[in-house]
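> Take a look at the following structure, please.
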């Protein structure tokens, strides 16, 4: 493992944990959403967890490419995820919670991009920037739908 990239590796693990948590949150909301916006939200949550599933693989593989190990258990993965989102019953609460989760990852990503750039790890910075673009676009769409 390249010791100069240790902070970036830890940031990637945090992004991976938060992405895993959001993946499960999106999947759970997909299963449990009800109400007048059922179809719209059911499909949107499915799009999100599908995209997040692919992202999990990319992030974990980057950690491995840097010579470190990705989390090997759910408990270990969740140790990097931070605070878990509150359960939600209503569609409005689900949307509010998922907005907060996307915002948390976006904040983490901004810090991680700066760290990767500081460590001259352009590949990690690029991956993290691509992830930030996804979360920012999702935030825009979710917030626009609340107006």
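Numbering (the working numbering), first residue to last: 14 to 160.
Built from N, CA and C at the ideal position, the CB exists for glycine as well.
Look at residue 92 and residue 139 and say whether their C-beta atoms are less than 8 Å apart.
In the chain shown, the residue the question calls residue 92 occupies position 79. In the chain shown, the residue the question calls residue 139 occupies position 126. Not a contact, by the Cβ cut-off of 8 Å.
> Give the range of the alpha helix (DSSP H) segment to which residue 24 is assigned.
For the purposes of this step, residue 24 is taken as residue 11 along the chain shown, with counting starting at 1. Residue 24 -> alpha helix (DSSP H) spans 19-45.
> Of all the options 146, 73, 147, 119, which has the alpha carbon lying nearest to the alpha carbon of residue 22?
Locating residue 22 in the chain shown gives position 9, counting from the first residue. It is 73.
> Taking just the CA atoms, how far does residue 148 sit from residue 97?
By one-based count along the chain shown, residue 97 stands at place 84. By one-based count along the chain shown, residue 148 stands at place 135. Roughly 18 Å separates the two Cα atoms.
> Can you tell me whether residue 26 is buried or exposed? The criterion is at least 16 other CB atoms within 10 Å of its CB, across all chains shown.
Locating residue 26 in the chain shown gives position 13, where the first residue counts as 1. Buried: at least 16 other Cβ atoms inside 10 Å.
> Between which two residues does the alpha helix (DSSP H) containing residue 79 stretch?
The residue labelled residue 79 in the question sits at position 66 within the chain shown. Annotation for residue 79: no alpha helix (DSSP H) segment contains it, and DSSP assigns it neither H nor E.
> What would DSSP say about residue 134, mapped onto helix, strand or coil?
Along the chain shown, one-based indexing puts residue 134 at 121. In the structure shown, residue 134 sits in coil (DSSP, three-state: anything other than H, G, I, E or B).
> With a Cβ-Cβ cutoff of 8 Å, do residue 118 and residue 28 count as a contact?
Here residue 118 refers to the residue found at position 105 of the chain shown. Here residue 28 refers to the residue found at position 15 of the chain shown. Yes, they are a contact pair.
> Given this structure, state the Cα-to-Cα distance separating residue 82 from residue 76, to the nearest angstrom.
The count along the chain shown starts at 1 and reaches residue 82 at position 69. The count along the chain shown starts at 1 and reaches residue 76 at position 63. Residue 82 and residue 76 have their C-alpha atoms some 6 Å from each other.
> Are the stretch 48-63 and the stretch 100-114 touching by the rule of at least three beta carbon pairs closer than 8 Å?
yes
> Name the residue from 85, 132, 143, 159 whose alpha carbon lies nearest to the alpha carbon of residue 64.
The residue you call residue 64 lines up with position 51 of the chain shown. When each option's Cα is compared against that of residue 64, the closest is 143.
> Measuring straight from C-alpha to C-alpha, what distance separates residue 19 and residue 69?
Counting from 1 along the chain shown, the entry for residue 19 is found at position 6. Counting from 1 along the chain shown, the entry for residue 69 is found at position 56. Cα to Cα, residue 19 sits roughly 19 Å from residue 69.
> Relative to the alpha-carbon of residue 115, which residue among 87, 128, 156 has its alpha-carbon at the smallest distance?
Taking the chain shown and counting its residues from 1, one reaches residue 115 at position 102. When each option's Cα is compared against that of residue 115, the closest is 156.
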